[in-house]
Structure formats: structure tokens, C-alpha cells
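Quick note: to get our numbering, add 1 to the position in the sequence shown (first position is 1). A virtual CB, placed ideally from N, CA and C, is assigned to each residue, including glycine. In this text the structure is predicted, and so the values were computed from the model without any measurement. Following: one structure in C-alpha cells, then a few remarks.
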Amino acid sequence: AEASDMTFPLALGAQGSCTIGGNVATNAGGINVLRYGMTRDLVLGLETVLPDGTLWNGMNGLRKDNRGYSLKQLIIGSEGTLGVVTGVELKLSPRPTQVETAYVGLGSFRQACELFRTARHLCSDLLSAFEVIGEECLPLARLIDPNLRSPLTQECPVHAIVELACGPGIDAGGLLETMLARALGADLIRDGAVAQSRSQAATFWAIREGLVEGQARRGFHVRTDLSVRLSQVPTLIEQARACIVREWPGWTSLTYGHAGDGNIHFNVLPPIDCEPGEARIVGQAILTRLYELVGALGGSFSAEHGVGRSRSQVFWAGLSPRERQLHTAIKAAFDPAGLFNPTCLMPDPGNL
Numbered sequence: 002a003e004a005s006d007m008t009f010p011l012a013l014g015a016q017g018s019c020t021i022g023g024n025v026a027t028n029a030g031g032i033n034v035l036r037y038g039m040t041r042d043l044v045l046g047l048e049t050v051l052p053d054g055t056l057w058n059g060m061n062g063l064r065k066d067n068r069g070y071s072l073k074q075l076i077i078g079s080e081g082t083l084g085v086v087t088g089v090e091l092k093l094s095p096r097p098t099q100v101e102t103a104y105v106g107l108g109s110f111r112q113a114c115e116l117f118r119t120a121r122h123l124c125s126d127l128l129s130a131f132e133v134i135g136e137e138c139l140p141l142a143r144l145i146d147p148n149l150r151s152p153l154t155q156e157c158p159v160h161a162i163v164e165l166a167c168g169p170g171i172d173a174g175g176l177l178e179t180m181l182a183r184a185l186g187a188d189l190i191r192d193g194a195v196a197q198s199r200s201q202a203a204t205f206w207a208i209r210e211g212l213v214e215g216q217a218r219r220g221f222h223v224r225t226d227l228s229v230r231l232s233q234v235p236t237l238i239e240q241a242r243a244c245i246v247r248e249w250p251g252w253t254s255l256t257y258g259h260a261g262d263g264n265i266h267f268n269v270l271p272p273i274d275c276e277p278g279e280a281r282i283v284g285q286a287i288l289t290r291l292y293e294l295v296g297a298l299g300g301s302f303s304a305e306h307g308v309g310r311s312r313s314q315v316f317w318a319g320l321s322p323r324e325r326q327l328h329t330a331i332k333a334a335f336d337p338a339g340l341f342n343p344t345c346l347m348p349d350p351g352n353l
């Protein structure tokens, strides 16, 4: 890609350790979904070993192909249950020559979502990332780098990273400033900073990346990967936070994620003195409650992380009888013996 001045725009927190095959199997998302889509939107062709040992060659590289069912799209996101990906043709994008990044502070997640609507309206598809971070997450980022400091000059309950990217011929910096000025005039933003260099922008992103590593260093915590319609993002966060305060006082809510595509990571930390065994029992109860909240809003408990083994029971229980029949039929068509990843997605593969 670099040799052709192109880029593969999938951007993940795990991009230093993940593989393309794994990204395809899980239909990975990341911070650039807003502009470029999920992994399935970036795959033009697949080569896959099927459970019977045959090799399916779908490496035609076509952007448009309406001949029958899309086997490629069935396999993407199937988490290794239908085949093993051995080859991929990827869709590249022109490398942006301009990247403008702002870090802003707001009074609430509702204001953050209104800022997103403003940015989307003014910047359209030049808006490549819109991340929100609850202020309570910053101490976790500092566990990884004690020198990390917020770019803001005052405390704000909610932070957001807004990034525009484009080629030559467009004043991306001017467009970002216009958007921020309009947001300031509408009292959406309390404070903010625009990166004056790529290295300064990297310090903004270091906060977003560091808070994830900081949670891991802190130890056991409840992790979620929730998605709802954009209009429901503030409601989900408000309900989830109120639930934790009301039912599990002493546990700490952490809210961050890809608000521009409705994907929120609402995680919860146990008290420091909580015994590991108790923390896991309570953590499971919290997960169940959060899944109920997101279900009531018509959302998903798995926006981009997949179902895997740990959530297969929850996934299966949420399907209608007809949906279970269809999933079972698809699995049986590809893998009648239940050989590939048998405990993933479907909790009882022996009954296929």
C-alpha cells in the first residue's frame, strides 16, 4: 500500500498484534468505521478452506457482483465456524495528505452526540473519526504513561477526539475550525485544542489508546461492546450509569467509544478491595443487566468484538426460533460434522 501511496484504513487498538485473517473472521471495526466501514466493507475477495478440505476461491476482486448468494459475506464475521481464511484481497484507499485533529471538552454525552451531528453535517465524509471519552477514564491512561495530560485547560465531564482526513485541494484545517466555531456558538463545547502537528495529534490519541491498556493493568473489569442507534447513544449511557450507581455502588463506570457509529464501550471497574471471586460473580450480574438495557433499546451486545464462546448462550437466547433455524441450516450446509470452532456462536453444535 505504501509503495503505491495508498493505505489500508482499518485502524484498531490491537493492530500491532492482530492478523488480517482474524480481522476477516471477526469482521473487525475500529476507529475509522465512520468513514470506511467495517472489515467486510474493505474485502474484495476471499480464499477459504472449507470444513470438507476443499478450497473455495472467491478472489475475483470485483467491487460489484450480484451473481447469487454472497459466500464471501457469509464467511466474513463467521468467527471461523464456516471456514479458515487463507487469502484476502483488500480494498485500499488513497493516503490522506491532510489530517486535522481536535480534542474537545463537553458537558455531557448528549452534547457530544450533538457535536457529532454538527461535524457530520459540515464535514460530511471527510470526518474519519469521532471518539468520546468519559473524564473518569483519564487516570487509567496515566497508569500507562504518567506524563499524559489532558489538552484541555478546564475539567469537562466528556472529551471527544474529532479527526478529518482528505487529499489536496481542500482546506481541512479551515473546515475543522469552522465546525468548532459553530459548536462553540451553540454552547456545545466548553474547551478544546487543535493539534498543530502530527506528533501533538498522537498525544491526543495516546489518551484513547492508553485508557484501554490501563484497564488491563488495573485487573479484572466488566467489558462491553454495545451498539445502539445514534439517537439512542445518550440514553444508553445515562441508563447504564444510573444502573451502576443504583445497584452496584462502589463500582466505577467507564464510558468511551466510537460514538459516531453508535458503538459504546461501557466498562465497569470493581472496588480496589473486592475479592477476585466476588468481582467475577458481580461482574456477570452487571453484564446481564447491561445486556438487558441495550436489548430494550433495540441494540446489540456485540458491535465489533463478535460473539465467540463466552457470549454464545446470550446470542442464542436472543434469536427467534426462525433465526435459530436459519443459523443452524447455514452451519450445517458448510460444516455438517460441526468440525470448525464448534463451541463458537452456537452453544450446542452436537444437535446440528
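Item, Value
"Where does residue 223 fall in DSSP's three states?", "strand"
"Could you please give the first and the last residue of the uninterrupted alpha helix (DSSP H) stretch that includes residue 122?", "110-124"
"Determine the extent of the alpha helix (DSSP H) in which residue 328 is found, giving its start and end residues.", "322-335"
"For residue 57, report the span of its beta strand (DSSP E) as first-last.", "56-59"
"CA-CA distance, residue 121 and residue 42?", "20 Å"
"Between residue 62 and the rest of its own chain, which residues show a CB-CB distance below 6 Å, the 5 nearest in sequence each way excluded?", "45, 46, 90"
"Given a cut-off of 8 Å, decide if residue 275 and residue 313 are closer than it, judged by their beta-carbon atoms.", "no"
"In terms of residue numbering, what span does the beta strand (DSSP E) encompassing residue 283 cover?", "From DSSP, residue 283 is part of no beta strand (DSSP E) but of the alpha helix (DSSP H) over 277-297."
"Taking buried to mean at least 16 other C-beta atoms within 10 Å of its own C-beta, is residue 310 buried or exposed?", "exposed"
"State the Cα-Cα distance for the pair residue 330 and residue 169, rounded to the nearest angstrom.", "50 Å"
"Does the segment 257-268 touch the segment 24-39, meaning 3 or more C-beta pairs lie closer than 8 Å?", "yes"
"Do you know how far the Cα of residue 94 is from the Cα of residue 2?", "9 Å"
"Using the Cα positions of residue 165 and residue 9, report the straight-line distance between them to the nearest angstrom.", "17 Å"
"In chain order, what residues of the same chain have a beta carbon less than 8 Å from the beta carbon of residue 288, not counting five sequence neighbours either side?", "223, 225"
"Pull up the DSSP beta-bridge partners for residue 265, would you.", "227, 258"
"Which runs of the alpha helix (DSSP H) spanning at least 4 residues fall entirely within the segment 123-205, listed in chain order?", "139-145, 173-186"
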